[in-house]
Amino acid sequence: MNPTIQQWITDNARITGVLAFGLHGSDKSSFTFSCHPSFSAEALENAWRCVAETIPVLQLNRFPTARFRWVFKEVVLHCERRRDGMCLGIFAKNDAQLFDANELDRLLMEFHGL
Amino acid sequence: MPQKQKKVLFVDDDPKFLEAVPALMHAFAGGAWEISTALNVGEALAIIQDRQIDLVVLDVHMPVVDGMQFLSLLSRKHPNLVKVVLTGDGSEIHRAACLSRGAELFLEKPQNEGAWRNIYQALHELTRFQPEEGFRGVLRRVGLQDVLQMECLSRHSTILEIATREAQGCIYISDGTIIHAHVGQRVGEDAFNFLMGLTGGEFRLKPFAQPTQQTIDASWEFLLMEAARVRDEAGPTPATTSQPGVAPNVPLSQMGFAGLPQATQFLQKTAPLADQEDSIKPQIAEVLVSSVQGDVLYQWQCDDANARINFLEFLSQKSRQLSQGLPMGPLERMEIQGSKSRIITQLENDHAIFVRTNLTA
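Pasting the structure below:
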């Protein structure tokens, strides 16, 4: 797994409203990082495995995989996939007051540049 | 309090596998599992019917009805049954196809005992998972043809009673063989084809009783194919009751799907993709609204409604797994954005929506 991106995730772990990160490589390697005590490592790994399993199903249906997000009642999981197949997941609070959309744009833009 | 013993079924056409692996799993489980085995789909269906199985572990490559078809059948008839594929062919295409057909896990057969322990642990975790009801539990209406296929494969004896507003008829199945059918003045294959051609109505399974006459001697496979051919030649039959069908072209705005406008605003607040032009205009290219049972309530320009419904079911299943143990609440929608198209799916308790838009400059 790319250590630069892992470090970048660690650096951004304190953004308000961000609950966790996930990273999935084209070589099927995975990395998860919890920023909130309610996101246990075990549950987060399970959630991130589900995201990884969704990508080939999207491809099978000929759907785009560049950007997709799961909108849950309390949490939005933003997934961004680069051209090299690296997929970033940001678990954030589903509340515009608690998670700034501009921060999301910044994170996604930086991810593409890493 | 001792935990309830879980009933696990292994389905594989390799007898050596069925001899060795369940024994290994039994050793790992230490009495926590009651393990059954089946060499083919027919045997598996009979066991599922009789023993209230909690988990099915099946191979992809099997003769007659392969693992993919079996997954689809199980997802329809036993939507809450946990299904796992364990195969020697771990190709990506098979993996995606199996997951989209309702498999909870797609595992490759390992080569050493240590790896088999990991397989056991993954399966054991799954048996602890209790599926929910409703759309999020992936309920799908089972079609008449599916039921017939199931009953014949399972070698059951039963009477399938079919009723519409206009007609009422029965199909008799004895030890998995269709032996008689009647509807009105029609009997035999003529009656069978007529009943299979109905697109509306209700059906139910009744205990078997010998018919007064035996009018059919062809195999069920031939009968189903012939009925499909007759139905195709006859053209579409208007739905008479609540069977799956396509609703007339009612504007979505009149159907009361309050969540859709909210969903269609999606991603307008986030930055465009790297290769996306600024002046793009979304145009709706495809819409499908499905009931909780998987019936098409509304569709517009949807070339493959079944594929869309399968995808909605996959999302329903995957979102439950994804949020397990996390304070996320239920899934409201999924939004997918590419440089040329956007897709929104929304899952509600009584319906699901799929909308695809094309992006044009």
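Protein sequence lines, in the order shown, are assigned to chains A and B.
Quick note on our numbering: the first sequence kicks off at 1 and runs consecutively.
Quick note on our numbering: the second sequence kicks off at 115 and runs consecutively.
C-beta atoms are modelled at their ideal positions from N, C-alpha and C, and glycine is treated no differently.
Any beta carbon of chain B sitting closer than 8 angstroms to that of residue 60 of chain A? As a first step, residue 60 of chain A must be located in the first sequence, where it is residue number 60. Yes, residue 60 of chain A lies at the interface with chain B (some Cβ there is under 8 angstroms from its Cβ).
From the DSSP output, in three-state form, read off residue 296 of chain B for me. As a first step, residue 296 of chain B is located in the second sequence; it is residue number 182 there, counting from the start. Of the three classes helix, strand and coil, the one that applies to residue 296 of chain B here is strand, per DSSP.
Could you check what DSSP says for residue 434 of chain B in three-state terms: helix, strand or coil? Along the second sequence, one-based indexing puts residue 434 of chain B at 320. DSSP places residue 434 of chain B in helix when its eight states are reduced to three.
Under 8 angstroms by beta carbon: chain A residues contacting residue 436 of chain B: Counted from its first residue, the second sequence places residue 436 of chain B at position 322. Under the 8 angstroms cutoff, chain A gives 46, 47, 50, 51, 70 and 77.
Within 10 angstroms of its Cβ, does residue 95 of chain A collect 16 or more other Cβ (buried), or is it exposed? For the purposes of this step, residue 95 of chain A is taken as residue 95 along the first sequence, with counting starting at 1. Exposed is the call here.
Mapping the DSSP letters down to three states, classify residue 225 of chain B as helix, strand or coil. Taking the first residue of the second sequence as position 1, residue 225 of chain B is located at position 111. Coil.
Tell me which residues share the same chain as residue 202 of chain B and place their Cβ nearer than 6 angstroms to its Cβ, disregarding the 5 neighbours each side in the sequence. In the second sequence, counting from the first residue as 1, residue 202 of chain B sits at position 88. For residue 202 of chain B, the CB contacts under 6 angstroms within the same chain, skipping 5 residues up- and downstream, are 223 in chain order.
Just to confirm the assignment: which complete alpha helix (DSSP H) runs, minimum length 4, are found wholly within the region 185 to 229 of chain B? If we require 4 residues or more, the alpha helix (DSSP H) runs fully inside the region 185 to 229 of chain B come out as 206 to 214.
Apart from the five residues just before and just after residue 464 of chain B, which ones in its own chain have a Cβ nearer than 6 angstroms to its Cβ? Counted from its first residue, the second sequence places residue 464 of chain B at position 350. 406, listed in sequence order.
Would the beta-carbon of residue 66 of chain A fall within 8 angstroms of that of residue 214 of chain B? Position 66 of the first sequence holds residue 66 of chain A. Position 100 of the second sequence holds residue 214 of chain B. No, the Cβ-Cβ distance between residue 66 of chain A and residue 214 of chain B is not below 8 angstroms.
If we define contact as Cβ-Cβ less than 8 angstroms, is residue 9 of chain A a contact residue for chain B? Reading the first sequence from its first residue, position 9 is the one you call residue 9 of chain A. So, not an interface residue.
Tell me whether the region 94 to 114 of chain A and the region 127 to 146 of chain B touch, counting them as touching only if at least three CB pairs, one residue from each stretch, are closer than 8 angstroms. No: fewer than three Cβ pairs fall under 8 angstroms.
For residue 29 of chain A versus residue 44 of chain A, is the C-beta spacing smaller than 8 angstroms? Walking along the first sequence from the start, residue 29 of chain A turns up at place 29. Walking along the first sequence from the start, residue 44 of chain A turns up at place 44. With contacts defined by Cβ atoms closer than 8 angstroms, residue 29 of chain A and residue 44 of chain A do not form a contacting pair.
Cutoff 8 angstroms: residue 103 of chain A Cβ touching any chain B Cβ: In the first sequence, counting from the first residue as 1, residue 103 of chain A sits at position 103. Not closer than 8 angstroms to any Cβ of chain B, the Cβ of residue 103 of chain A fails to qualify, so no.
So the alpha helix (DSSP H) residue 82 of chain A belongs to, where does it begin and stop? Translated into positions along the first sequence, residue 82 of chain A becomes position 82. No residue range can be given for residue 82 of chain A, since it is assigned to no alpha helix (DSSP H) and is classified by DSSP as neither H nor E.
Can you confirm whether residue 182 of chain B, when its beta carbon is compared against all beta carbons of chain A, has any partner nearer than 8 angstroms? Walking along the second sequence from the start, residue 182 of chain B turns up at place 68. Judged by the 8 angstroms Cβ criterion, residue 182 of chain B is not in contact with chain A.
Under a Cβ-count criterion, where at least 16 other Cβ atoms within 10 Å of its own Cβ denotes burial, should residue 449 of chain B be classed as buried or exposed? As a position in the second sequence, residue 449 of chain B is number 335, starting the count at 1. Classified as buried, residue 449 of chain B has 16 or more neighbouring CB atoms from the shown chains inside 10 Å of its CB.
Within 10 Å of its beta-carbon, does residue 466 of chain B have 16 or more other beta-carbons around it, so buried, or fewer, so exposed? Here residue 466 of chain B corresponds to residue number 352 of the second sequence, with the count starting at 1. It is buried - the Cβ of residue 466 of chain B has at least 16 other Cβ atoms within 10 Å.
Straight-line gap, residue 455 of chain B to residue 76 of chain A (C-alpha atoms, nearest Å): As a working note, residue 455 of chain B is residue 341 in the second sequence. As a working note, residue 76 of chain A is residue 76 in the first sequence. Cα atoms of residue 455 of chain B and residue 76 of chain A: separation of roughly 21 angstroms, rounded to the nearest angstrom.
Against chain B, does residue 56 of chain A count as a neighbour if the rule is that its beta carbon must be under 8 angstroms from one of theirs? Along the first sequence, one-based indexing puts residue 56 of chain A at 56. At least one chain B Cβ lies under 8 angstroms of residue 56 of chain A.
Cut-off 8 angstroms between Cβ atoms - residues of its own chain near residue 74 of chain A, not counting five sequence neighbours on either side: Here residue 74 of chain A refers to the residue found at position 74 of the first sequence. The beta carbon of residue 74 of chain A sits closer than 8 angstroms to the beta carbons of 93 and 94 from its chain, once the five residues preceding and following it are set aside; these are given in chain order.
Through-space distance from residue 439 of chain B to residue 32 of chain A, alpha-carbon basis: If you number the first sequence from 1, residue 32 of chain A lands on position 32. If you number the second sequence from 1, residue 439 of chain B lands on position 325. Approximately 15 angstroms between the Cα atoms of the pair.
Cα-Cα separation, residue 46 of chain A to residue 221 of chain B: Within the first sequence, numbered from 1, the residue matching residue 46 of chain A stands at position 46. Within the second sequence, numbered from 1, the residue matching residue 221 of chain B stands at position 107. When the Cα atoms are used, residue 46 of chain A and residue 221 of chain B turn out to be separated by approximately 15 angstroms.
Inter-residue spacing [alpha-carbon to alpha-carbon] between residue 236 of chain B and residue 98 of chain A: As a first step, residue 236 of chain B must be located in the second sequence, where it is residue number 122. As a first step, residue 98 of chain A must be located in the first sequence, where it is residue number 98. Looking at the two C-alpha atoms, the distance is approximately 36 angstroms.
Taking just the CA atoms, how far does residue 396 of chain B sit from residue 20 of chain A? Walking along the first sequence from the start, residue 20 of chain A turns up at place 20. Walking along the second sequence from the start, residue 396 of chain B turns up at place 282. Distance between residue 20 of chain A and residue 396 of chain B, taken at the CA atoms: about 32 angstroms.
Once the 5 residues before and after residue 185 of chain B are set aside, which same chain residues still bring their CB inside 7 angstroms of it? What you label residue 185 of chain B is simply residue 71 of the second sequence in a count that begins at 1. Closer than 7 angstroms at the Cβ level, and outside the excluded window around residue 185 of chain B, lie 197, 212, 215, 216 and 217.
Answer with yes or no whether the minimum CB distance from residue 81 of chain A to chain B is below 8 angstroms. Here residue 81 of chain A corresponds to residue number 81 of the first sequence, with the count starting at 1. It does not: the Cβ of residue 81 of chain A has no partner Cβ on chain B nearer than 8 angstroms.
Once you ignore the five residues that flank residue 125 of chain B on each side, which residues in its own chain have a CB closer than 6 angstroms to its CB? Counting from one through the second sequence, the residue named residue 125 of chain B turns up at place 11. Result list for residue 125 of chain B: 152, 158 and 172, in chain order.
Interface partners of residue 40 of chain A on chain B, CB under 9 angstroms: On the first sequence, residue 40 of chain A is found 40 positions in, with the first residue counted as 1. Residue 40 of chain A reaches chain B at 439 and 440, counting residues in chain order whose Cβ is nearer than 9 angstroms.
Classify residue 307 of chain B as buried or exposed, calling it buried when 16 or more other Cβ atoms lie within 10 Å of its own Cβ. Taking the second sequence and counting its residues from 1, one reaches residue 307 of chain B at position 193. It is buried - the Cβ of residue 307 of chain B has at least 16 other Cβ atoms within 10 Å.
Look up residue 397 of chain B in the DSSP assignment and say whether it is helix, strand or coil. For the purposes of this step, residue 397 of chain B is identified with residue 283 of the second sequence, where counting begins at 1. In this structure, residue 397 of chain B counts as strand in the three-state DSSP scheme.
Which two residues bound the contiguous alpha helix (DSSP H) that contains residue 447 of chain B? Position 333 of the second sequence, counting from 1, holds the residue named residue 447 of chain B. Careful: residue 447 of chain B lies outside any alpha helix (DSSP H), inside the beta strand (DSSP E) at 445 to 451.
Smallest Cα separation from residue 68 of chain A: which of A:60, A:51, A:84 and A:83? Walking along the first sequence from the start, residue 68 of chain A turns up at place 68. Of the candidates A:60, A:51, A:84 and A:83, the one whose C-alpha sits nearest the C-alpha of residue 68 of chain A is A:51.
Any beta carbon from chain A within less than 8 angstroms of residue 213 of chain B's own beta carbon? Reading the second sequence from its first residue, position 99 is the one you call residue 213 of chain B. For residue 213 of chain B, the nearest beta carbon of chain A is closer than 8 angstroms to its own beta carbon.
Exposed or buried, which one is residue 129 of chain B when buried takes at least 16 other CB atoms within 10 Å? Here the question's residue 129 of chain B lines up with position 15 in the second sequence. In the assembly as shown, residue 129 of chain B is an exposed residue. Its beta-carbon has fewer than 16 other beta-carbons within 10 Å.
Taking only the alpha-carbon atoms, compute the straight-line gap between residue 180 of chain B and residue 14 of chain A and give it to the nearest angstrom. Against the second sequence, residue 180 of chain B aligns to sequence position 66. Against the first sequence, residue 14 of chain A aligns to sequence position 14. Cα to Cα, residue 180 of chain B sits roughly 49 angstroms from residue 14 of chain A.
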